[in-house]
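Protein chains: 2
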Amino acid sequence: MRIGELSKATGVDVETIRYYEKAQLLSAPARSDNGYRTYTQAHLERLAFIRHCRALDIPLAAVQRLLTFVDSPQSDCGEIDQLIDAQLARVRARLASMHALERQLMALRGQCTGPHSAAECGILHDLVAAAHGEACVCHQN
Amino acid sequence: MRIGELSKATGVDVETIRYYEKAQLLSAPARSDNGYRTYTQAHLERLAFIRHCRALDIPLAAVQRLLTFVDSPQSDCGEIDQLIDAQLARVRARLASMHALERQLMALRGQCTGPHSAAECGILHDLVAAAHGEACVCHQN
DNA sequence: AGAATCCTTGGAGTCACTACAGGGTCAAGC
DNA sequence: GCTTGACCCTGTAGTGACTCCAAGGATTCT
Ligand SMILES: [Zn+2]
Ligand SMILES: [Zn+2]
Ligand SMILES: [Zn+2]
Ligand SMILES: [Zn+2]
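Heads up: the protein sequence lines correspond to chains A and B, in order. Read in order, the letters of the first sequence correspond to residues -13 to 127 in the numbering used here. Read in order, the letters of the second sequence correspond to residues -13 to 127 in the numbering used here.
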C-alpha cells in the first residue's frame, strides 16, 4: 500500500502520516525501488488506533504509551487506566472552564443593547472598567 | 514603572509583556538611559484590558481589534458585538465537543474493571477493536 | 568587592499538525 | 517520443500564545 492509498483508506492526511512517522508513532515502512513508502495491514491498524485515540483528544505522548501496551500484552494495565483517567480529568477541567466562560461571555454580551457608538457600548465599558480594577459583569462572582 | 514592577502589579509574566510588545498589542514604552523599558499608567490599563480579554479566551487578534475601539470611541460598536458573538460560538462549540468527549471517555473507562494484564484490559480491547473497524463503546452513537 | 537581582536581545521549544518549495517517478494519451 | 497530470520525496516554515534559555549589561545589597 502506498501512502496515498493508506491516506484514503484511513481518512488521514498524507502529511499527517509522514508526521507520525517522524514523531515515531508509526514505524518507518519499507521502501520500494523508487523510494516510495509501502505500508502493510499492520500499519493501517496502527494508524487507525492512533486516530481513534486522537478522536478522544488523547495527546500523542499518551498514545505512544498506549501503543507499547498493544505490543506487550502481558504487562499490567494500571498505566492504561491512569492515562484514561488523566485524559478524563483534563476534559472535565476544560469542560468546567468552558462552562464558566460561556456564562461570562453571555453576561458580557447582554451589556450591549442595539447599535450605538463604541463609547456607549456596554461591552467595551465593562472590559475597560475591569481593566481599571472595577467590578465587571462577566467576573462578578 | 519598570517591566518587573508592571509584571508584579498585573500578575503578567515579564516575558509575556515583552511578547505583547513584539506582537504589537502593547505600544513600545519609553526607555530610560540604561535601555530599560519605562511604563506609564496607560500601559498598565491596556495590559489589564488585554488580560481580561484573555481570561475570556478571546484570541489576541480579536483583542487587537477591541483595542482599536477603545482608541476610537466614536465608531460603531457592531464589530464588538460580532467579536463577542464569535467567541461565544467558539466556546459553545468546544463545550459541546468536550461534553461528547467526557461521555466517550467515561464509557471507555468503564471497560476496565480492576487490575489485570493489558491483553485482558477492556480499554485496550476497545481501542484495538475500533482500529479494526469494529464498534467501540466510546463511539457507538 | 562580590553576590544577588534585575534588565536587555535573540533564538529555540511547546503541540499537532498544515502548507509550501523544489524536486523525482510513473502511467496514459497524443 | 513527448507532454500532462497524478502521485511521491525531502526539508523547512508557519500556526497561537506563550515559555524557557543563553549570554551579557545594570543596579542594588551586604
Ligand atoms: Zn454595543
Ligand atoms: Zn470580567
Ligand atoms: Zn484494565
Ligand atoms: Zn471509540
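Note that beta-carbon positions come from the ideal geometry of N, C-alpha and C, so glycine has one too. As the structure is a computational prediction, the values presented were derived from the model and not from experiment.
Closer than 6 angstroms to a non-hydrogen atom of ligand 3 - does that hold for the CB of Cys63(A)? For ligand 3, at least one heavy atom lies less than 6 angstroms from the Cβ of Cys63(A).
Curious, which full-length beta strand (DSSP E) runs of at least 3 residues does the stretch 77 to 102 of chain B contain? Within the stretch 77 to 102 of chain B, no complete beta strand (DSSP E) segment of 3 residues or longer occurs.
Neighbour-count burial assignment, Tyr22(B), 16 or more Cβ in a 10 Å radius: With fewer than 16 Cβ atoms within 10 Å of its Cβ, Tyr22(B) is classed as exposed.
Gln10(B) CB to nearest chain A CB: under 7 angstroms? For Gln10(B), the answer is no, since every Cβ of chain A falls outside 7 angstroms of its Cβ.
Would you mind reading off the limits of the alpha helix (DSSP H) that contains Ile36(A)? Its alpha helix (DSSP H) spans residues 27 to 41.
Checking the sheet assignment: what are the DSSP bridge partners for Ala16(A)? Beta-bridge partners of Ala16(A) (DSSP): Thr24(A).
Alpha-carbon spacing of Met92(A) relative to Arg32(A), whole angstroms: If you draw a straight line from the Cα of Met92(A) to the Cα of Arg32(A), it is about 43 angstroms long.
Given this structure, state the Cα-to-Cα distance separating Gln60(A) from Gly100(B), to the nearest angstrom. For Gln60(A) and Gly100(B), the distance between alpha carbons rounds to 15 angstroms.
For Gln68(A), which of Arg80(A), Asp57(A), Gly108(A), Leu52(A) has the nearest alpha-carbon? Here the closest residue by C-alpha is Leu52(A).
Apply the 10 Å Cβ neighbour rule to Asp62(B) and answer buried if 16 or more other Cβ atoms are within range, or exposed otherwise. The residue is exposed, with fewer than 16 neighbouring Cβ atoms inside 10 Å.
Pro15(A): contacting residues in chain B (beta-carbon distance under 8 angstroms): The premise fails here: Pro15(A) is roughly 17 angstroms from chain B at the closest Cβ pair, so nothing lies under 8 angstroms.
Give, in chain order, every residue of the stretch 98 to 120 of chain B whose Cβ lies closer than 7 angstroms to some Cβ of chain A. Here the close residues are Cys98, Pro101, His102, Ser103, Ala104, Ala105, Cys107, Ile109, Leu110, Leu113, Val114, Ala116, Ala117, His118.
Let me know if Ala116(B) comes out buried or exposed under the rule of 16 or more other beta-carbons within 10 Å of its beta-carbon. Looking at its Cβ environment, which holds 16 or more other Cβ atoms inside 10 Å, Ala116(B) is buried.
So does the stretch 72 to 91 of chain B actually touch the stretch 108 to 127 of chain A, counting three or more Cβ pairs closer than 8 angstroms? No: the two stretches stay apart, fewer than three of their Cβ pairs being nearer than 8 angstroms.
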